[in-house]
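**Student:**
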Amino acid sequence: MFDGAIDRCVASSGPGMWRVYEIYNIPDEERLDSLMDMIRNRQGAEGDEVRAFASTEGVPHLSPLIIGDEDLLVGVDDPRYYRASSAVHLRGRDPVRLATEYFYSLWNDPRIRVLKTETGVDWDEIGALRTQFAAAQGRPSSAA
Numbered sequence: 000m001f002d003g004a005i006d007r008c009v010a011s012s013g014p015g016m017w018r019v020y021e022i023y024n025i026p027d028e029e030r031l032d033s034l035m036d037m038i039r040n041r042q043g044a045e046g047d048e049v050r051a052f053a054s055t056e057g058v059p060h061l062s063p064l065i066i067g068d069e070d071l072l073v074g075v076d077d078p079r080y081y082r083a084s085s086a087v088h089l090r091g092r093d094p095v096r097l098a099t100e101y102f103y104s105l106w107n108d109p110r111i112r113v114l115k116t117e118t119g120v121d122w123d124e125i126g127a128l129r130t131q132f133a134a135a136q137g138r139p140s141s142a143a
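Shown next, in the form of structure tokens:
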């Protein structure tokens, strides 16, 4: 249900369309493959951008979902399932402002990899990630 709602936001276009900015943790090539399926499905979406941290040791973190200026869902990341294990809904400008600052500190972190922008998918970056994961496992890389 939640993924479907995000997909509808991503599919919106024109004036008043939703802008969706997503950050993922990618610990391995299997997770990269599942993320690639999503990116391919959303390839032409105007307001969709995807960035990711690529580390085999995922760091637990808060996962904010900021909706407008006054609604915020904050979840605790659960690396076993690649999603939040629990969440709380907060209302108000102050919590949204704090979560927005937190999100943009991650979004602009120098370690993050830009996989998709509003103008397209960065296939070279995705190939570099695949090579990184293959090298970590001591095997040749496959094509993106």
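Oh and the sequence shown: position 93 is 92 in numbering that gives the first Met the number 0, straight run, nothing missing.
Glycine included, each C-beta is placed from N, C-alpha and C at the ideal position.
Three-state secondary structure (DSSP) at A145?
**Tutor:** With the chain covering only 0 through 143, there is no way to say anything about residue 145.
**Student:** Are L71 and V95 touching if we call contact CB-CB under 8 Å?
**Tutor:** yes
**Student:** Could you check which residue in N40, G3, A44 and T55 has the C-alpha nearest to that of S12?
**Tutor:** The shortest C-alpha to C-alpha distance from S12 to any of N40, G3, A44 and T55 is the one to A44.
**Student:** Secondary structure at P139, three-state DSSP: helix, strand or coil?
**Tutor:** coil
**Student:** Measure the alpha-carbon distance for M16 versus E29 and round it to whole angstroms.
**Tutor:** 32 Å
**Student:** Assess, as a yes-or-no matter, whether the segment 94-110 is touched by the segment 32-43 under the definition of 3 or more beta carbon pairs within less than 8 Å.
**Tutor:** no
**Student:** What does the Cβ neighbour count give for Y23, buried or exposed, with the cut at 16 atoms within 10 Å?
**Tutor:** buried
**Student:** Out of R138, D27 and V87, which one is the CA nearest neighbour of D76?
**Tutor:** V87
**Student:** Using the C-alpha atoms, what's the distance from L61 back to A127?
**Tutor:** Counting only the Cα atoms, L61 lies some 27 Å from A127.
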